[in-house]
Each structure stands twice: as C-alpha cells, then as structure tokens.
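J.:
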DNA sequence: AATTTGCGTAACTCACAGGTTACATATATA
DNA sequence: TATATATGTAACCTGTGAGTTACGCAAATT
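Protein chains in written order, with our numbering: chain A, 12 to 121; chain B, 12 to 121.
#1: Any idea what DSSP makes of residue 85 of chain A, helix, strand or coil?
#2: Just the chain A side, please: which residues come within less than 7 angstroms of residue 90 of chain B by C-beta, in chain order?
#3: DSSP three-state label for residue 77 of chain B, please.
#4: Three-state secondary structure (DSSP) at residue 106 of chain B?
#5: Is residue 71 of chain A helix, strand or coil by DSSP?
#6: Would you verify that the beta carbon of residue 21 of chain A is, or is not, closer than 8 angstroms to some beta carbon of chain B?
#7: By the 10 Å Cβ neighbour count, where 16 or more other Cβ atoms means buried, how is residue 23 of chain B classified, buried or exposed?
#8: Taking Cβ to Cβ, would you say residue 72 of chain A is nearer than 8 angstroms to residue 64 of chain A?
#9: State the DSSP-derived secondary structure class of residue 119 of chain A, mapped to helix, strand or coil.
#10: Distance cutoff 8 angstroms, beta carbons only. Does residue 49 of chain B sit that close to anything in chain A?
#11: Taking just the CA atoms, how far does residue 52 of chain B sit from residue 21 of chain A?
#12: Would you mind sorting residue 40 of chain B into buried or exposed? The rule is 16 or more other CB atoms within 10 Å of its CB.
#13: By the 7 angstroms beta-carbon criterion, what residues does the region 36 to 69 of chain A contribute toward chain B?
#14: Can residue 17 of chain B and residue 62 of chain B be called in contact, C-beta distance under 8 angstroms?
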C-alpha cells in the first residue's frame, strides 16, 4: 500500500485538492465526473481522492462500479480547532488592550 | 531573490512553521531565540521566518541587529475565510435536514 | 580598531509529493 | 460471453521545498 497519509494541513496545501473540495461542496461527484474538471489524468485525481478520504475530508459511497465522493466534516473540524486557538489569542490580545485603555490613571513612564 | 512565496495553505503545511507560530503566540522572539527551540540550523529557521512573514503570519520589528518576530493576524484571517465557507456549508446542510424533518407530510417516494 | 554577535544569502543536496503511463480488476451492457 | 465502463495500483520521472555549509555584512562590544 502507498504511504499517502498526509495530515489535514498538508491535504489543503494542494490547490487541486482545495478545488475538489469546492466542487464537492456544490454536488457529490464520482471520480470520473470529478476528473472532468481537471487538467490531469484520472489516476492523479484518484490519488487526491484517496488523500482527501484518509484525512477525513470526504466519505466515499460505492454504488456498483462507481465511487461517489461526499464532503465530510471531520477534516474541516481539525483545521477549525487549530484556528480557534489563535482566534482566542487575538481575542485575549484585544482584551488586554481594552484593559490598558481602561487604566486611565495616566501612567506615562516608558 | 528567492522564490519562497508560498500561500497561506502551504505555509501552515509545515510542522516546524506551525510550532513557530505556537511559540510566538506565547511570546515575541528573535530569530536566534526561536532557533533555540528547533533541531535545525539557524539559516533554516531564518528561511521559515521569511516565509511566515511573506504570507502575513508575522510582522518583524528590527531593533539594532535583532529581528523581533511578532504574531500577525492577516494570514490567519485568510484561512478563517476559507474555512468559513465550509462552515456555512455544514450550516445550510443542517438547515436542509431540519426542513426535511419538519416536512411531516409523509413523503416516502424516493 | 578589532572582535563578537545576530542575521541574510548563495550554492548545494536530498526526500518526496504530484504527475505520468501501463496494466489489473470488478461491474455493467450488448 | 464478449465488450465497455469505472476505478485502483505499480513503476517510474521530475520539480521543488526543506535542510545543510560557507560566506558576507551591519551593529554591538571590547
């Protein structure tokens, strides 16, 4: 088996994969119908799909010989969690600034 | 000049850079004090800092011969915007489900 | 003025992600 | 059953991101 087990950050680093996610946000698609939107070979698309699947960005439903790709929330959640930490950082930074402004006791040294 | 102009997605794809952001969320650091935390050469850290700077994740304040790296919100905002699109997607998906559940008029065909 | 410190840049190596083509396999269709 | 369709996998090639070392330069320090 191949080693294509990239983490969520590496997964969205690729523009093609981001576009795939965007397409899948409009409609669920099979591998081939996905591939029609790209200027690359079908096996290449197939690889990307595998990567997206392994990282929890899509689920796959086999219908006969077709593989339907459906957007899945897991991968996005991991990213949001990471970002939320920094959102909190900016929030607390703002708080500190406010606290400083409320200190109207005229501290001018340094 | 070098071509190290990676987009925000590529920037956070690297674990070392993510750790740098984390360290900088605790405290502003110079290049050297940053480098102390990593098992890599100082020039390597310097490169990463350049990348982070170009993508808007940090600002740099030159004090004498020292370069102080400070966390900056711009890069994070771009990522949040991207994620927000999909958050909205999940939101609307939930709405559709709710709407479906509220249709208690027993539609069973397909 | 000489030395040390903090940092950037150039040139190089290397691993590996992302692409290809060729082939294999399972499911529809004729 | 023979053929077409939808897809996965193996083997390979290639560009480039991420690391290195060597060097240069400006700002402190002595």
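Positions of the beta carbon are idealized from the N, C-alpha and C atoms, including for glycine.
Being a predicted model, the structure only gives us computed values, none of them experimental.
T.: In terms of the structure at hand:
#1: Along the first chain, one-based indexing puts residue 85 of chain A at 74. Helix.
#2: As a first step, residue 90 of chain B is located in the second chain; it is residue number 79 there, counting from the start. Residues of chain A passing the Cβ test: 94.
#3: Here residue 77 of chain B corresponds to residue number 66 of the second chain, with the count starting at 1. Strand.
#4: Position 95 of the second chain holds residue 106 of chain B. Helix, per DSSP.
#5: Translated into the one-based positions of the first chain, residue 71 of chain A becomes position 60. Correct three-state label for residue 71 of chain A: strand.
#6: On the first chain, residue 21 of chain A is found 10 positions in, with the first residue counted as 1. Answer yes: the Cβ-Cβ gap between residue 21 of chain A and chain B drops below 8 angstroms somewhere.
#7: Taking the first residue of the second chain as 1, we reach residue 23 of chain B at position 12. Looking at its Cβ environment, which holds 16 or more other Cβ atoms inside 10 Å, residue 23 of chain B is buried.
#8: On the first chain, residue 72 of chain A is found 61 positions in, with the first residue counted as 1. On the first chain, residue 64 of chain A is found 53 positions in, with the first residue counted as 1. No, the pair does not count as a contact, with Cβ atoms beyond the cut-off.
#9: On the first chain, position 108 is the one that residue 119 of chain A refers to. Below a pLDDT of 50, predicted positions are generally treated as unreliable, and residue 119 of chain A, at 40, falls in that range; no measurement from the model is reported.
#10: Working through the second chain from its first residue, we reach residue 49 of chain B at position 38. No, because no Cβ of chain A sits closer than 8 angstroms to the Cβ of residue 49 of chain B.
#11: The residue labelled residue 21 of chain A in the question sits at position 10 within the first chain. The residue labelled residue 52 of chain B in the question sits at position 41 within the second chain. Computed Cα separation, rounded: 23 angstroms.
#12: In the second chain, residue 40 of chain B corresponds to position 29, counting from 1. Residue 40 of chain B comes out buried.
#13: 36
#14: For the purposes of this step, residue 17 of chain B is taken as the residue at position 6 of the second chain. For the purposes of this step, residue 62 of chain B is taken as the residue at position 51 of the second chain. Going by C-beta atoms, residue 17 of chain B is nearer than 8 angstroms to residue 62 of chain B.
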